[in-house]
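One structure below.
There are 10 protein chains.
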Amino acid sequence: MKRYDVTEMIIEKKIAKKLKWSQIAEVVGQSKEWTTAALLGQMTLTAEQAAKVGALFELPEEAVNLLQVVPYKGSLPTAVPTDPLIYRFYELISVYGTTFKELIHEEFGDGIMSAIDFKMDLQREPNPMGDRVSITMSGKFLPYKTY
Amino acid sequence: MKRYDVTEMIIEKKIAKKLKWSQIAEVVGQSKEWTTAALLGQMTLTAEQAAKVGALFELPEEAVNLLQVVPYKGSLPTAVPTDPLIYRFYELISVYGTTFKELIHEEFGDGIMSAIDFKMDLQREPNPMGDRVSITMSGKFLPYKTY
Amino acid sequence: MKRYDVTEMIIEKKIAKKLKWSQIAEVVGQSKEWTTAALLGQMTLTAEQAAKVGALFELPEEAVNLLQVVPYKGSLPTAVPTDPLIYRFYELISVYGTTFKELIHEEFGDGIMSAIDFKMDLQREPNPMGDRVSITMSGKFLPYKTY
Amino acid sequence: MKRYDVTEMIIEKKIAKKLKWSQIAEVVGQSKEWTTAALLGQMTLTAEQAAKVGALFELPEEAVNLLQVVPYKGSLPTAVPTDPLIYRFYELISVYGTTFKELIHEEFGDGIMSAIDFKMDLQREPNPMGDRVSITMSGKFLPYKTY
Amino acid sequence: MKRYDVTEMIIEKKIAKKLKWSQIAEVVGQSKEWTTAALLGQMTLTAEQAAKVGALFELPEEAVNLLQVVPYKGSLPTAVPTDPLIYRFYELISVYGTTFKELIHEEFGDGIMSAIDFKMDLQREPNPMGDRVSITMSGKFLPYKTY
Amino acid sequence: MKRYDVTEMIIEKKIAKKLKWSQIAEVVGQSKEWTTAALLGQMTLTAEQAAKVGALFELPEEAVNLLQVVPYKGSLPTAVPTDPLIYRFYELISVYGTTFKELIHEEFGDGIMSAIDFKMDLQREPNPMGDRVSITMSGKFLPYKTY
Amino acid sequence: MKRYDVTEMIIEKKIAKKLKWSQIAEVVGQSKEWTTAALLGQMTLTAEQAAKVGALFELPEEAVNLLQVVPYKGSLPTAVPTDPLIYRFYELISVYGTTFKELIHEEFGDGIMSAIDFKMDLQREPNPMGDRVSITMSGKFLPYKTY
Amino acid sequence: MKRYDVTEMIIEKKIAKKLKWSQIAEVVGQSKEWTTAALLGQMTLTAEQAAKVGALFELPEEAVNLLQVVPYKGSLPTAVPTDPLIYRFYELISVYGTTFKELIHEEFGDGIMSAIDFKMDLQREPNPMGDRVSITMSGKFLPYKTY
Amino acid sequence: MKRYDVTEMIIEKKIAKKLKWSQIAEVVGQSKEWTTAALLGQMTLTAEQAAKVGALFELPEEAVNLLQVVPYKGSLPTAVPTDPLIYRFYELISVYGTTFKELIHEEFGDGIMSAIDFKMDLQREPNPMGDRVSITMSGKFLPYKTY
Amino acid sequence: MKRYDVTEMIIEKKIAKKLKWSQIAEVVGQSKEWTTAALLGQMTLTAEQAAKVGALFELPEEAVNLLQVVPYKGSLPTAVPTDPLIYRFYELISVYGTTFKELIHEEFGDGIMSAIDFKMDLQREPNPMGDRVSITMSGKFLPYKTY
């Protein structure tokens, strides 16, 4: 059994039980964003979190153990994603990537926005012209140092 | 002359004149995010905006004309970006792409977040543990329709 | 079980029962274009549509559930398709892509033709020189906005 | 000088003279779709057409000659296009490619829609919910033959 | 079961029964070239042809049905083939591709040689310096049309 | 100067002088197929052939020398060709590659058709249904040997 | 069963029986170089050779038949090999490839070293500074011909 | 000026002066194999060797300096070489790569054949069936060590 | 069974038994770095080491044999790794690769740092600003030789 | 002028002036590792550092300005490096990448070694069996956080 198989089990049970990610997140005790990433095989759970997930989805012990092992991360089957929803984010990097770079460097100097010390929040933004998806990302700025 | 050459001219002049993107944005009369993307060759300017940019950077008339022509978009030299700052955004899609997909579909059903009817805002978020980069993205949700 | 497996089941049953896509579309109550894409794993069905499809193809309940979950879209095994029929469409983009771009921008300004708020119709066009395939695509124009 | 250079000359002059593709098409005496593709380096002009184009854009004789030579076709810099407008067409093939295949085979049997004996028409489709891009493609069906 | 599985069954039985493609072609009633391509999963058989093949190779009914369904074509595992025999044909295109283009355009004008309305014949050409492979390809010329 | 530049010079002069490949082949004293490949930079000329070509196209001495140096072969800009005429040949390998393999091995055993000890002939094949391109290839069979 | 499965069987048995390739080669009656390539799925065996191999490794009849069928050649999982030993050979081509080309053309004129009419010998070369691997390759020179 | 430009200068002069690599190697005082690789930009020359080469090809001082700087190695424009002569070596690795691996490991254990402490010799091998290219490679075996 | 399967077995057992790599290394009698690489399928074990590993993880005899066979090395599923931890090392090569090259050549001349006669040590480096990962690599310098 | 051009200028002058990186580092006042990376276009200099570099290499003012602008990082021309010295580092990741991952996670939990808050030191390690390259890397451990 591999982490990938655990992800499969969870998704099958989630559909059968008609659970929502936000409900699962409450059980886990973390945000819906982190919980979804974790159960899709991208994050590592504590023993306590894994036990809750195991109980919720009736997972075997081996699966509960695997949830506590750091996974090989990367959730997409191709370097350029084919799914239209995910592709739009890739397109944003293609179009705005150099803009991100210029503005962050202008504000902070040489360095990066951490993708590790990072959190995000995804909300529906009501709008009479059609509701909008609002995503707020927050990552620590890490400066390059000279030595 | 091509749009790419206009971008080069603007960058050279920006460095020589020690201008900041936020200052340029004030001249153009748009946000710093849109203005940066536009002057890096990703957006189309109106005649009025192009004239202001032409005056600021002392561009030839041909360049001012090109700023008003829709460009072939895409600002990165490789499908997987090598620059560490830009790569971190690519990594976020690799790690969180399926999470974006699950949560947007849970909230909105089948469809995408538009990368066209889209805006973003990039701010410094002061933090005693080290300042953070905060990016808020807002894109209209576009549902798939049956027919 | 995954959506891909549901697609396999449907195709096997469709061949065994000698059903046509246009007949299936009548059962589903949508156009043959949308119905075909949906049953090939690219669109999400409502509970009612999924139930009809499940009855028609004698699918297990898990499969009927999966038809109602938004799929990871993308129906081709390679970035450049090898199948001659599908490749011709890729070739049209290779040869006419910049033409699409110029003419849409000339008519509408900067923006895109939506691939989400989109429909299409495929018909036989009788012709004494040999019948023709006629495809009409209609997608909403989405303008880039300044902010 | 190469065909690519002729395309560059035409685009520079078109911008400077503020000509529209539909106006140029009238001079050439063909549809705006074919004319745009031809002047973007994808089609071969007759001596008469090339002479008209040469006069309109003040091209040197060598360029007028090159317009009459069959070009190496393919107008995009990457296998998967980065420009959002053109990408949407690529996405349609990714999502609907197998649908095109199924429906054309259902109607016509094994074979392809010609991308050579092909024409297309691009129109604005007024719509109170937002105008739409309407593209009609017509290609001869070519059946595979046994031998 | 998929077409690929039918191809596998046929190849296993062909080896066990020590049949030659030319013998199989006689049973099918077509050339050895078309028959081989068809049974390797690239062409569509009529009900009558499929029945003959089913009888010869003792195929189950599902397989006989699949032989009559248009397959997803493309018989090679990689874009650049690794098998030396097949690679030599790829090399011919790499070295002679622009020659094919120049000579066909010189003789016929702009257009292509059809790969659909196409037939070929492969023969041994006795030669005292070592026998030669002789391949004759014949494809209809399809001219690009203006519109 | 490189061989590529010599090819450019020849093509420019050929267009300006309105010469046909068959006429050039007569000057060189070889077939039109070999001559075209050679002048497109794929074959090596003898001193005598190079001198004739140099005289015909008024090439500088350095270019005449370069025609006698073995070139780095490969005439296409991408691994999968984008030009529709050349792509059709690539498609033939994709669809018929395993057929070539099976039939050559059936006739000759394990080995290849040489792409070096190779010649070809390209002709117009008149046909009331539309003229056809006929290509005959002849390559020496080279058997694998045990040792 | 496929050739690949036969290779797997042979490797498993070879490990279990602690046989060396040189011992197996003696049974087959060919060099250790050819025998290894053949049993790794790259060469075709005669009925007699296949029978000996079948007896040595206790293969089923279907496997013995498959050893006599020409395989789809190519033994590596990626275009650029990851295994350090095999990569060094790839590196030699990357660094010395143009040297091979220059020196063979200087000695023989335009043509290639055959990879079909080819043999090789691999030996340990004792050396006080550390033993060396010595590989001697011999391939027939095949000249390009004019026609 | 870069090393690549120095290589270009040397090749142009070599053609103009009709020098052979073996003659140049005598001037340099090394083997023809090493000398060719070095002057094609893959090896580093001593001051003395560079001076001799500079004198022979009338190179400017900057070029003579560059010959003494370690170059960025790799002499081929694509990962899979298109030139038929060089491709045959790539094919040998594709077909025989796992054979190299098995036989070297059988003889030496885990480790590699060095591509650095390496030399080669390329000779014409007269043969009544057609002369052969004979290449002898000798590389030090480097064992993996435990620690 | 293949080496890959042995790696899987070991990882499953390691998780179930809650063993640490450093504990396993003590059993094997080598460093934790070499032991981890070896049990992840990259190194070859002696009979004695394999027996200890087999006992510790209760492996079948076939697995113990496979641990003693030189594996096909390369532990990552894609050329550019998607896992963030491993990607950072790839990024270091992308950013510092030419620096490594310059400094090693400045100190040692032309040659490489061996990746075979190589060892490494990975330690936690306590630091009040946050602990650090400290990796020391030591590889023999191998000079290119002239011949 | 671009940063790439500044790098070129510096390298040309460094060769002409026969300067060593360690000497340049003393002028800049940083380690030789950081200085080399910076002058090869990967790091951003302060105004003071840039002025010193400008004086040392006689750079124009525009170049001195560019040294202070954050560059688009990534110093290699291909995703898999062809240069043997740099490739060995890529090979280490291919072979030891999963080992790095396991051992860092065992010691620190889920997270990464920073490639930004990072320093390295490269030294010659004298050894009677042949001197060794010793590289010590130190990067801050960054833990993934839940939220």
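Chains A, B, C, D, E, F, G, H, I and J, in that order, give the protein sequences.
Per the working numbering, the first sequence starts with residue 15, numbered consecutively.
Per the working numbering, the second sequence starts with residue 15, numbered consecutively.
Per the working numbering, the third sequence starts with residue 15, numbered consecutively.
Per the working numbering, the fourth sequence starts with residue 15, numbered consecutively.
Per the working numbering, the fifth sequence starts with residue 15, numbered consecutively.
Per the working numbering, the sixth sequence starts with residue 15, numbered consecutively.
Per the working numbering, the seventh sequence starts with residue 15, numbered consecutively.
Per the working numbering, the eighth sequence starts with residue 15, numbered consecutively.
Per the working numbering, the ninth sequence starts with residue 15, numbered consecutively.
Per the working numbering, the tenth sequence starts with residue 15, numbered consecutively.
We treat Cβ as the ideally placed atom computed from N, Cα and C, and that holds for glycine.
Helix, strand or coil: which one does DSSP assign to residue 19/C?
helix
Are residue 125/J and residue 158/J close, meaning C-beta to C-beta below 8 Å?
yes
Whose CA, out of 138/H, 160/H, 161/H, 154/H, lies closest to the CA of residue 152/G?
138/H
Mind checking if residue 130/I is an interface residue toward chain H, Cβ cutoff 8 Å exclusive?
yes
Could you check whether residue 127/D and residue 47/D sit closer than 8 Å to each other, using their CB atoms as the reference points?
no
Are the CB atoms of residue 147/D and residue 80/D within a distance shorter than 8 Å?
No, they are not a contact pair.
Whole angstroms are fine: how far does the CA of residue 44/D sit from the CA of residue 161/E?
6 Å
Excluding the 5 residues flanking residue 154/B on each side, which residues of the same chain have their C-beta closer than 8 Å to its C-beta?
These residues qualify, in order along the chain: 127, 128, 131, 132.
What does residue 86/F touch in chain E if you count any residue whose Cβ is under 7 Å from its own?
Simply none; closest approach about 11 Å.
Contact criterion: CB-CB distance below 8 Å. Does residue 23/J meet it with respect to chain I?
no
Tell me the DSSP secondary structure of residue 94/C in three-state form.
coil
Under 7 Å between beta-carbons, which chain D residues line up against residue 83/B? List them in chain order, please.
Within 7 Å Cβ-Cβ: 29.
Which first and last residues belong to the beta strand (DSSP E) in which residue 128/E is found?
Counting along the chain, the beta strand (DSSP E) containing residue 128/E begins and ends at 125 to 139.
When you check each C-beta in the segment 93 to 107 of chain G against every C-beta of chain H, which residues fall closer than 8 Å?
93, 94, 95, 97, 98, 99, 100, 102, 103, 104, 105, 106, 107
Mind checking if residue 116/D is an interface residue toward chain B, Cβ cutoff 8 Å exclusive?
no
Would you say residue 64/F and residue 109/E are within 8 Å of each other, going by their C-beta atoms?
no
Out of curiosity, what's the CA-to-CA distance linking residue 117/I and residue 123/I?
The straight-line gap from Cα to Cα measures roughly 9 Å.
Could you name the residues of chain C that residue 44/B contacts, counting a contact when the two beta carbons are closer than 9 Å?
160, 161
For residue 15/H, which residues in chain J fall below 8 Å Cβ to Cβ?
What residue 15/H touches in chain J: 26.
Using three-state DSSP, classify residue 153/E as helix, strand or coil.
strand
In angstroms, rounded to a whole number, what distance separates the CA positions of residue 149/H and residue 143/J?
31 Å
Need the endpoints of the alpha helix (DSSP H) that residue 36/D sits in, please.
35 to 42
Just to confirm, are residue 77/D and residue 23/D a CB contact at a threshold of 8 Å?
yes
Could you say which of 62/B, 55/B, 57/B lies nearest to residue 42/B if we only look at CA atoms?
62/B
Taking residue 50/F as the query, report the chain E residues whose CB atoms sit under 7 Å from its CB, ordered along the chain.
113, 116, 117
Is it the case that the Cβ atoms of residue 58/H and residue 37/H are separated by a distance below 8 Å?
no
In whole angstroms, give me the CA-to-CA distance for residue 74/J and residue 67/J.
11 Å
List the DSSP bridge partners of residue 146/E.
Residue 146/E pairs with 139/E, 154/F.
For a contact defined as C-beta to C-beta under 8 Å, what are the partners of residue 125/F on chain G?
130, listed in chain order.
Around the Cβ of residue 105/J, are there at least 16 other Cβ atoms within 10 angstroms (buried) or fewer (exposed)?
Buried is the call here.
Under 7 Å between beta-carbons, which chain H residues line up against residue 80/F? List them in chain order, please.
29
Going by beta carbon distance, what residues of the same chain come within less than 6 Å of residue 53/B, once the five residues before and after it are set aside?
Hits under 6 Å: 24.
For residue 85/D, which residues in the same chain have their Cβ closer than 6 Å to its Cβ, ignoring the five residues on either side in sequence?
17, 55
Closer than 9 Å by beta-carbon distance: list the chain B residues that pair up with residue 20/I, in chain order.
Near residue 20/I there are no residues of chain B at all, since even the closest Cβ is about 29 Å away, more than 9 Å.
Report the option in 156/B, 31/B, 119/B, 120/B whose CA atom is closest to the CA atom of residue 72/B.
31/B
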